[in-house]
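In full-length UniProt numbering, the protein residues as written are 1 to 60. Built from N, CA and C at the ideal position, the CB exists for glycine as well. Below is one structure, written out as C-alpha cells; the observations come after it.
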Amino acid sequence: KSVNTRVLNGNETHPSQPQPQPPPPPTLSLPKMTAKGKKIRKPRTIYNPLQLQALNKRFR
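Put into C-alpha cells, the structure is as follows:
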C-alpha cells in the first residue's frame, strides 16, 4: 500500500531506494509498411520446453 500511495502522491519518502519503473505498454500498431510497401514481420516467439508443454496441453 505504501508504494502505491507514494506513486499516487508523487512524493518520494525514501529517495535512497529507487523505485522500479514498470515497462511502458506495448504499442499495437499492426502491419507496419516500409518505404517499398513491404510489411515488417514481428520476430518469432521462442518458447522453452515447459511453455510448449503448457501450450500443447491447452489445445488438447
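Boundaries of the alpha helix (DSSP H) around K57: P49 to R58. In the three-state DSSP reduction, K39 falls in the strand class (E or B). Rounded to whole angstroms, the separation of the alpha carbons of R60 and L50 is 16 Å.
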